[in-house]
Structures are given as structure tokens and as C-alpha cells.
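Visitor: Per full-length UniProt numbering: the sequence shown = residues 1 to 103.
Below is one structure. I have some questions about it.
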Amino acid sequence: MSQHVVRIDEAPLFELLTVASLFLVALFGTVIAYQAYRGYRRNDARSMLYLAVGLLLLTLCPFLINVTVTTVFSPRQLVTAFLENVSRLVGLVAIMYSLYGHH
Numbered sequence: 001m002s003q004h005v006v007r008i009d010e011a012p013l014f015e016l017l018t019v020a021s022l023f024l025v026a027l028f029g030t031v032i033a034y035q036a037y038r039g040y041r042r043n044d045a046r047s048m049l050y051l052a053v054g055l056l057l058l059t060l061c062p063f064l065i066n067v068t069v070t071t072v073f074s075p076r077q078l079v080t081a082f083l084e085n086v087s088r089l090v091g092l093v094a095i096m097y098s099l100y101g102h103h
């Protein structure tokens, strides 16, 4: 199994911008999720906890899945895409529950 390593100074600009945008989505999503979690702790509002978990599953987890699968395992686009989409789907369900669930 040979891994193709791309040096950052050899990567095309589009790939660098893609990775940077994925990182920023994960970062901002994590910051917003943290604020929702603080709201949960401050007000004991379970809906805020579900919102925080949903945001993490929607933003941070797909990024971590992508990085982990492509660096630890040989890159398998279908597996990566499937796992990212499952994370996003569960995140959206958690957000829906935070908005419409009975708490």
C-alpha cells in the first residue's frame, strides 16, 4: 500500500482553499456549539444541548472523519462521503429535535 503524500507547497490552490474552508466551517461550528452548550449549562435547557450536539455533528465531525479516513486509511471516497453524510444527517436530526422536540 503506497501513500501519495502531497506537500503543501505543491498542492493546487483549489485544494488548499477547499481544506481551509472545511477547517473554518469546523472551527466556527465548534465555537457556536460551545456557546449553545454554555446556554444549556447556564439555563438547564436541554434543547440547547441537542443544538450543540447537532452543530458538532454537522460541522466538526465531517471534517474529523475526512481527515482521519484520508490520513489513517487509504483514501476511499465513497466510505468518507458516506460517513460524513451520516454525521450530517444525525446532526440535522438533533437540531430538528432541539427545535421541535418535547423537552
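Each residue gets a CB set at the ideal place from its N, CA and C atoms; glycine is no exception.
Just so you know, these numbers come straight off a predicted model, no measurement behind them.
1. Output needed for residue 45: all residues of its chain with C-beta closer than 7 angstroms, excluding positions within five of it in sequence on either side, in chain order.
2. Candidates 29, 14, 19: which alpha carbon is nearest residue 95's?
3. Can you give the Cα-Cα distance for residue 57 and residue 34, rounded to whole angstroms?
4. Where residue 21 and residue 36 are concerned, what is the direct C-alpha to C-alpha distance, given to the nearest angstrom?
5. Would you call the CB atoms of residue 60 and residue 81 closer than 9 angstroms?
6. Please return the same chain residues whose Cβ sits closer than 6 angstroms to the Cβ of residue 47, not counting the five positions on each side in sequence.
Guide: A quick look at the data gives this:
1. On the sequence shown, position 45 is the one that residue 45 refers to. These residues qualify, in order along the chain: 39.
2. As a working note, residue 95 is residue 95 in the sequence shown. Nearest C-alpha to residue 95 among 29, 14, 19: 29.
3. The sequence position of residue 57 within the sequence shown is 57, counting from 1. The sequence position of residue 34 within the sequence shown is 34, counting from 1. Rounded to the nearest angstrom, the two C-alpha atoms are 13 angstroms apart.
4. Residue 21 sits at position 21 when you count from the first residue of the sequence shown. Residue 36 sits at position 36 when you count from the first residue of the sequence shown. Take the alpha-carbon of residue 21 and the one of residue 36: they are about 22 angstroms apart.
5. Numbered from 1 along the sequence shown, position 60 holds the residue referred to as residue 60. Numbered from 1 along the sequence shown, position 81 holds the residue referred to as residue 81. Cβ distance not < 9 angstroms, so residue 60 and residue 81 don't count as in contact.
6. As a first step, residue 47 is located in the sequence shown; it is residue number 47 there, counting from the start. Take residue 47, set aside five residues on each side of it, and the residues of its chain with a beta-carbon closer than 6 angstroms to its own are 98, 103, in chain order.
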